[in-house]
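Novice: Take this structure, written in C-alpha coordinates, and hold onto it; I'll ask about it next.
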Amino acid sequence: MSVPRNVQRFEALLYASLMLDALSVAVQDRTPTVDMTDQMIMTSTLLGGVMISLLVYFVWLAAHWRKNWPRWVLAAALVLSVISLGQVIGEKGMELDSAIEIVSCVLTVFGLYFSFSGDAQGWFNA
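For what it's worth, this note's numbering labels the leading residue of the sequence shown as 1, then goes sequentially.
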(Lines of atoms letter the chains of each structure in order from A and count residues from 1; the text may use other names and numbers.)
(Lines give C-alpha, C1' and ligand atoms only; values in the text may rest on other atoms or scores of the structure.)
Protein backbone atom coordinates (compact mmCIF):
# COMPACT_ATOMS: atom_id res chain seq x y z
CA MET A 1 0.00 0.00 0.00
CA SER A 2 1.38 3.40 -0.93
CA VAL A 3 1.70 6.23 1.57
CA PRO A 4 -1.15 8.77 1.28
CA ARG A 5 -0.27 12.21 -0.04
CA ASN A 6 -1.23 14.00 3.19
CA VAL A 7 1.03 11.68 5.19
CA GLN A 8 3.90 12.55 2.84
CA ARG A 9 3.17 16.25 3.37
CA PHE A 10 3.02 15.72 7.14
CA GLU A 11 6.38 13.98 7.11
CA ALA A 12 8.08 16.57 4.88
CA LEU A 13 6.76 19.55 6.84
CA LEU A 14 7.65 18.06 10.22
CA TYR A 15 11.17 17.17 9.08
CA ALA A 16 11.58 20.71 7.73
CA SER A 17 10.35 22.07 11.06
CA LEU A 18 12.81 19.93 12.99
CA MET A 19 15.66 21.04 10.73
CA LEU A 20 14.75 24.63 11.58
CA ASP A 21 14.69 23.68 15.27
CA ALA A 22 18.22 22.33 14.92
CA LEU A 23 19.24 25.58 13.22
CA SER A 24 17.63 27.55 16.03
CA VAL A 25 19.62 25.60 18.62
CA ALA A 26 22.78 26.28 16.60
CA VAL A 27 22.27 30.07 16.54
CA GLN A 28 21.22 30.51 20.16
CA ASP A 29 23.25 32.91 22.27
CA ARG A 30 25.86 30.89 24.13
CA THR A 31 27.45 33.73 26.05
CA PRO A 32 28.03 32.67 29.67
CA THR A 33 26.45 34.93 32.28
CA VAL A 34 26.02 34.86 36.03
CA ASP A 35 22.71 33.01 35.53
CA MET A 36 23.94 30.66 32.74
CA THR A 37 27.29 28.94 33.19
CA ASP A 38 29.19 27.13 30.42
CA GLN A 39 28.04 23.78 31.77
CA MET A 40 24.38 24.85 31.81
CA ILE A 41 24.65 26.09 28.21
CA MET A 42 26.24 22.82 27.08
CA THR A 43 23.58 20.79 28.88
CA SER A 44 20.80 22.87 27.32
CA THR A 45 22.28 22.43 23.84
CA LEU A 46 22.69 18.66 24.26
CA LEU A 47 19.16 18.34 25.63
CA GLY A 48 17.85 20.25 22.61
CA GLY A 49 19.67 17.85 20.29
CA VAL A 50 18.28 14.81 22.10
CA MET A 51 14.73 16.23 21.97
CA ILE A 52 15.00 16.95 18.24
CA SER A 53 16.26 13.40 17.64
CA LEU A 54 13.37 11.99 19.65
CA LEU A 55 10.84 14.06 17.68
CA VAL A 56 12.39 12.89 14.39
CA TYR A 57 11.82 9.33 15.60
CA PHE A 58 8.18 10.15 16.42
CA VAL A 59 7.60 11.57 12.93
CA TRP A 60 9.12 8.42 11.45
CA LEU A 61 6.95 6.19 13.68
CA ALA A 62 3.81 8.03 12.64
CA ALA A 63 4.55 8.17 8.93
CA HIS A 64 6.11 4.75 8.35
CA TRP A 65 4.74 2.53 11.10
CA ARG A 66 1.31 4.14 11.03
CA LYS A 67 1.29 4.84 14.77
CA ASN A 68 -1.32 7.29 16.02
CA TRP A 69 0.09 8.22 19.43
CA PRO A 70 3.22 10.01 18.08
CA ARG A 71 0.98 12.52 16.31
CA TRP A 72 -0.57 13.43 19.65
CA VAL A 73 2.86 13.69 21.28
CA LEU A 74 3.95 16.00 18.44
CA ALA A 75 0.80 18.09 18.91
CA ALA A 76 1.49 18.37 22.66
CA ALA A 77 5.10 19.34 21.92
CA LEU A 78 3.81 22.05 19.58
CA VAL A 79 1.58 23.48 22.31
CA LEU A 80 4.49 23.53 24.77
CA SER A 81 6.75 25.07 22.13
CA VAL A 82 4.28 27.88 21.41
CA ILE A 83 3.93 28.62 25.14
CA SER A 84 7.70 28.65 25.58
CA LEU A 85 8.16 30.81 22.49
CA GLY A 86 5.68 33.35 23.84
CA GLN A 87 7.59 33.55 27.11
CA VAL A 88 10.96 33.93 25.37
CA ILE A 89 9.67 36.69 23.08
CA GLY A 90 8.11 38.41 26.10
CA GLU A 91 11.42 38.37 28.00
CA LYS A 92 14.01 38.94 25.27
CA GLY A 93 12.02 40.32 22.36
CA MET A 94 12.33 39.08 18.80
CA GLU A 95 15.72 37.51 18.06
CA LEU A 96 16.97 35.36 15.18
CA ASP A 97 16.33 32.07 16.98
CA SER A 98 12.81 33.24 17.92
CA ALA A 99 12.01 34.08 14.30
CA ILE A 100 13.24 30.64 13.24
CA GLU A 101 11.08 29.04 15.92
CA ILE A 102 8.00 30.91 14.68
CA VAL A 103 8.51 29.53 11.17
CA SER A 104 9.11 26.08 12.67
CA CYS A 105 5.84 26.25 14.62
CA VAL A 106 3.92 27.30 11.50
CA LEU A 107 5.38 24.36 9.55
CA THR A 108 4.43 22.02 12.40
CA VAL A 109 0.86 23.35 12.46
CA PHE A 110 0.45 22.71 8.73
CA GLY A 111 2.11 19.29 8.99
CA LEU A 112 -0.16 18.20 11.83
CA TYR A 113 -3.17 19.54 9.93
CA PHE A 114 -2.27 17.28 7.01
CA SER A 115 -1.84 14.31 9.36
CA PHE A 116 -5.39 14.69 10.68
CA SER A 117 -7.15 15.47 7.39
CA GLY A 118 -7.88 14.12 3.95
CA ASP A 119 -6.47 10.77 2.91
CA ALA A 120 -4.36 10.55 6.09
CA GLN A 121 -7.37 9.87 8.33
CA GLY A 122 -7.48 6.14 7.72
CA TRP A 123 -3.69 5.67 7.62
CA PHE A 124 -2.83 5.78 11.32
CA ASN A 125 -3.50 2.85 13.65
CA ALA A 126 -4.88 3.53 17.09
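Built from N, CA and C at the ideal position, the CB exists for glycine as well.
Note that the structure is predicted; figures quoted are calculated from it, not measured.
Taking 7 Å as the threshold (C-beta atoms), are N6 and R66 in contact?
Specialist: If you number the sequence shown from 1, residue 66 lands on position 66. If you number the sequence shown from 1, residue 6 lands on position 6. Not in contact: R66 and N6 (Cβ atoms no closer than 7 Å).
Novice: So what does DSSP say about N125, is it helix, strand or coil?
Specialist: Translated into positions along the sequence shown, residue 125 becomes position 125. DSSP places N125 in strand when its eight states are reduced to three.
Novice: Run through the stretch 45 to 69 for me and flag every whole beta strand (DSSP E) of 3 or more residues, listed as ranges in chain order.
Specialist: Listed in chain order, nothing qualifies, since the stretch 45 to 69 has no complete beta strand (DSSP E) run of 3 or more residues.
Novice: What span of residues does the alpha helix (DSSP H) with R9 cover, start to end?
Specialist: Taking the first residue of the sequence shown as position 1, residue 9 is located at position 9. Here the alpha helix (DSSP H) through R9 covers R5 to A26.
Novice: So, L55 versus L85, is the Cβ gap smaller than 7 Å?
Specialist: Translated into positions along the sequence shown, residue 55 becomes position 55. Translated into positions along the sequence shown, residue 85 becomes position 85. No, Cβ-Cβ distance for L55 and L85 is not below 7 Å.
Novice: If contacts are defined as beta-carbon pairs under 8 Å, then V109 and L78 qualify, I think. What distance do you get, rounded to the angstrom?
Specialist: The residue given as residue 109 occupies position 109 in the sequence shown. The residue given as residue 78 occupies position 78 in the sequence shown. About 7 Å; that satisfies the 8 Å criterion.
Novice: Is the beta carbon of S104 sitting closer than 7 Å to the one on L20?
Specialist: Looking up residue 104 in the sequence shown gives position 104. Looking up residue 20 in the sequence shown gives position 20. Yes, these two residues count as a Cβ contact at 7 Å.
Novice: Leaving out five residues on either side along the sequence, give the residues of the same chain with a beta carbon under 6 Å from the beta carbon of I41.
Specialist: Start at 1 with the first residue of the sequence shown, and residue 41 comes out as number 41. Around I41: R30.
Novice: What number of angstroms, rounded off, separates the C-alpha of E101 from the C-alpha of A63?
Specialist: Indexing the sequence shown from 1 puts residue 101 at position 101. Indexing the sequence shown from 1 puts residue 63 at position 63. Each residue's Cα considered, the two are about 23 Å apart.
Novice: Which residue's Cα is closest to the Cα of V25: L107, G49 and W60?
Specialist: For the purposes of this step, residue 25 is taken as the residue at position 25 of the sequence shown. Nearest of L107, G49 and W60 to V25, Cα basis: G49.
Novice: Using 10 angstroms around the beta-carbon of E91, count the other beta-carbons present and answer buried if the total reaches 16, otherwise exposed.
Specialist: Working through the sequence shown from its first residue, we reach residue 91 at position 91. E91 is exposed by the Cβ-count criterion.
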